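Working notes for the structure below.
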Ligand code: ADP
Ligand code: MG
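Numbering (this note's numbering), first residue to last: 11 to 577.
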């Protein structure tokens, strides 16, 4: 391996030479306590910046062994190291060093959630931290002095203060310990959901609303969550001790209330409750079952070989709905496909908001039923199947309803939002349904789940170009996959992660692999060998964050170029 002295020797010879000479710096350099890898050198000062990586042995980083004892702890540790590194970068001198991205150092951005990333990875015997740096230049000529400053002053300072535990100040160590404990508590809370047969839990005192529609930060001066006495439970967490809050039981829960009273805000918090939030977020102890999926209408999406016959039958063009494909789904067919495909991913908690649902998928009123006869209506509404989906197939629902009263009749639990406060109105709702004569109008039927057997038939491809835009679009060889309605994607890095995983799948998967087992295999592999395995060596479209299996399968389902088959 090269030594730092080699760098000191090479650099002056490059001064004012053409930018391409920087390429010769690619390689690994021993800095004593850690190694600097220059993995990829950018072609010119305006291209995407060069990619570098610190590697430090376990003995030299010295982070407590017990902080890596479980998966959630390890993720939390990695998250904290990344946040510290990111914080140091933000505080750095931003004066311009030269043309383009000269001297700019960046790494994976962090938000309100703790997620699996490749930016910082602790493994058995070492830790690695990935970042990008613009190699300095004036025009297209190398600025060796500035590069020396980065390599011999800036980077060592960053490494010493972030990579080595004993250099962390007391306050930072304390914050790290709290983050590890929070991870333990969140894991315990999630286990408790399963043990007690709960779909979700919202702790008293939680802050659910966000600062704005485009910010994930907590709203200031929001009304803190308080649970209705009928649904209040207490949970004892290993570090925090006893907390109380609302336990939403499995089954069918309807959230109702007047407009603007906070219904959608509660549902959004539950959608995001599949992730662990950082301290101070307000949703630290809001947890939903981790397979939970938001189901909404998505006009225009592509559907491939999905059996939506449970909801849609005898279409006017005689299309077979047990093997349904379209390049342009309607509101109701898209929502039916979204629901069925969610079940295909193994999700057993579905979250719906009337505001983003197709009305004809949700309800059909008596007047309409008289005018348009049963045989002329292809849609069987969710109302007709919901009891049996819940009772026979163990699928729970949390549905926000403002105007479709019939849903009250099928609900196990009815919650009302009243000035941001939750009330349990199950009894009142049942009494009203009884007096209106609608109780039992939609009994359990013999709904069967479709057989999930969609297979992927990829054609051999060369290296695929991948890219992502915000949380909206994944690009594979310039073909875009529209993922904007996967509302639980919450970090730009997750779409980058989707892009890498899709590329890996398309170039590595054997023809005829069922997408269910494919996704299971991938996530098991990630648990064993890490997410990096699936990111091509020359990762080039930014630092990925691991999406859930649910979103990966949803992304495959939306890929218009995908070759899928059914039996
Ligand atoms: P609904 O779905 O019932 O019409 P929303 O959930 O969209 O209502 O909430 C309406 C507005 O109230 C939003 O701007 C939201 O940010 C705000 N809001 C929601 N919950 C709270 C709360 N607990 N404290 C303060 N404002 C809130
Ligand atoms: Mg709403």
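Every residue, glycine too, gets a C-beta built ideally from N, C-alpha and C. Just so we're clear, the structure is a prediction, and the values are computed from it rather than from any experiment.
Could you check the C-alpha separation between residue i and residue j for me, to the nearest Å?
i	j	result
residue 440	residue 449	8 Å
residue 542	residue 555	10 Å
residue 314	residue 287	35 Å
residue 429	residue 403	35 Å
residue 300	residue 40	42 Å
residue 523	residue 64	38 Å
residue 368	residue 571	26 Å
residue 181	residue 94	12 Å
residue 168	residue 518	38 Å
residue 158	residue 21	7 Å
residue 247	residue 198	6 Å
residue 48	residue 105	23 Å
residue 474	residue 574	19 Å
residue 212	residue 489	40 Å
residue 380	residue 446	19 Å
residue 144	residue 103	15 Å
residue 390	residue 269	27 Å
residue 272	residue 370	24 Å
residue 531	residue 467	17 Å
residue 564	residue 497	11 Å
residue 373	residue 415	10 Å
residue 303	residue 186	31 Å
residue 152	residue 146	6 Å
residue 77	residue 175	12 Å
residue 465	residue 527	10 Å
Let me confirm a value: residue i is counted as buried when at least 16 other C-beta atoms fall within 10 Å, else exposed. Which label applies?
i	result
residue 111	buried
residue 324	exposed
residue 502	buried
residue 249	exposed
residue 348	buried
residue 561	buried
residue 69	exposed
residue 427	buried
residue 567	buried
residue 224	exposed
residue 184	exposed
residue 2	A question about residue 2 goes unanswered here, because the residues of the chain that appear run from 11 up to 577.
residue 362	buried
residue 209	buried
residue 344	buried
residue 289	exposed
Helix or strand or just coil, what does DSSP make of residue i?
i	result
residue 369	helix
residue 327	coil
residue 102	coil
residue 12	strand
residue 287	strand
residue 336	strand
residue 39	strand
residue 544	helix
residue 125	coil
residue 217	coil
residue 363	strand
residue 522	coil
residue 73	coil
residue 227	strand
residue 95	helix
residue 401	helix
residue 117	coil
Residue range of the beta strand (DSSP E) that residue i falls in?
i	result
residue 426	423-428
residue 314	313-316
residue 533	Here residue 533 belongs to no beta strand (DSSP E); instead the alpha helix (DSSP H) covers 525-539.
residue 63	60-67
residue 479	476-479
residue 492	489-492
residue 246	242-247
residue 140	136-143
residue 292	No beta strand (DSSP E) holds residue 292; DSSP gives it neither H nor E.
residue 578	Shown here, the chain extends from 11 to 577; a query on residue 578 therefore has no answer.
Which stretch, first to last residue, makes up the alpha helix (DSSP H) that contains residue i?
i	result
residue 506	502-518
residue 180	180-205
residue 166	165-173
residue 50	Residue 50 -> not in any alpha helix (DSSP H); beta strand (DSSP E) instead, spanning 45-50.
residue 576	No alpha helix (DSSP H) holds residue 576; the beta strand (DSSP E) holding it covers 574-576.
residue 156	154-159
residue 390	Segment: none, residue 390 is in no alpha helix (DSSP H) and carries neither H nor E.
residue 442	436-446
Under 5 Å, CB to any heavy atom of the ligand ADP. Which residues pass, going along the chain? Counting only heavy atoms of the ligand ADP, the residues whose C-beta sits closer than 5 Å to one of them are, along the chain, 219, 232, 233, 269, 270, 271, 272, 273, 274, 275, 430.
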